[in-house]
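Visitor: Convert by adding 107 to the 1-based position in the sequence shown; the result is the number in the numbering used here.
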Amino acid sequence: MEHFLETWGYLAIFGLTLLSTMGLPVGSEASMIYGGVLASGQVSQGHHLSLAFVIVVALLGELVGSFLGYTIGYFGGRALVDRLGKYVLLTHKDLDRAEAWLDRRGEPFVFFGRLIPLVRSFVSLAAGLGEMTLGKFAVFTVAACAMWATALCSLGYSLGSSYKHVLKDFSYAGYVAGALVVVAVVILFAHRIRVVRTERGAGPAHRRR
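1. For residue 255, count the other beta carbons within 10 Å of its own beta carbon; 16 or more makes it buried, fewer makes it exposed. Which is it?
2. Does the Cβ of residue 128 have 16 or more other Cβ atoms within 10 Å, making it buried, or fewer, making it exposed?
3. Based on Cα-Cα distance, which residue from 115, 111, 114 and 130 lies nearest to residue 226?
4. Taking only the alpha-carbon atoms, compute the straight-line gap between residue 175 and residue 132 and give it to the nearest angstrom.
5. Where do the N-terminal and C-terminal ends of the alpha helix (DSSP H) with residue 120 fall, by residue?
6. Three-state secondary structure (DSSP) at residue 223?
7. Could you check the C-alpha separation between residue 164 and residue 294 for me, to the nearest Å?
8. Should residue 159 go down as buried or exposed, given a rule of 16 or more other Cβ atoms within 10 Å for buried?
9. Could you give the C-beta distance for residue 114 and residue 168, rounded to a whole number, given that I count them as a contact under 8 Å?
10. Kindly list the residues whose CB is nearer than 6 Å to the CB of residue 264, restricted to its own chain and excluding five residues on each side of it in sequence; keep chain order.
Laid out in structure tokens, this is it:
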């Protein structure tokens, strides 16, 4: 990824942040941090970037990807679940629950969800599927994305050439965290299979009534 970012600079940062906020966790966090590192001018000759432009480009990528993800979820909605739900373990009852939950807690979900790695990649799609109002989504998305992009790019800038040492120091902790995430995903996946099978099996019975 470092070579990709050094070669394409701002365009790479924009593309990676856009894809990530659309629902594809492609490592936008690393791209923003390394963008800040490149802006510090301490790691690569001839690839100096402006920290201000790195932040602006990262923010634009975040916002464009967020609104695209929201649009896909909002206008795809239940028709999308009809076509693809069986592949991602979603049912219409899930959408009903999501919509009700977002009505009550949508603002903190969109705001704080943007500040959690991995989870943040799916916030826009979930908000769209749950039919959260565009105004609420826009306000909290802009606020959270601005904070996130500024913090990560500035972190990379402050680390400069020492970023590799910092990453090495935390590598073992990262492995442990990754293993825990894998375990959690497996448990959640197994639970979702049981829930989806139960709800789809109950569907015909409800219709006969």
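We put the CB at the ideal spot given by N, CA and C, even for glycine.
Guide: Let me lay it out:
1. buried
2. buried
3. 130
4. 15 Å
5. 117 to 128
6. coil
7. 37 Å
8. exposed
9. Wrong, their Cβ atoms sit about 17 Å apart, outside the cutoff.
10. 143, 146, 147 and 158
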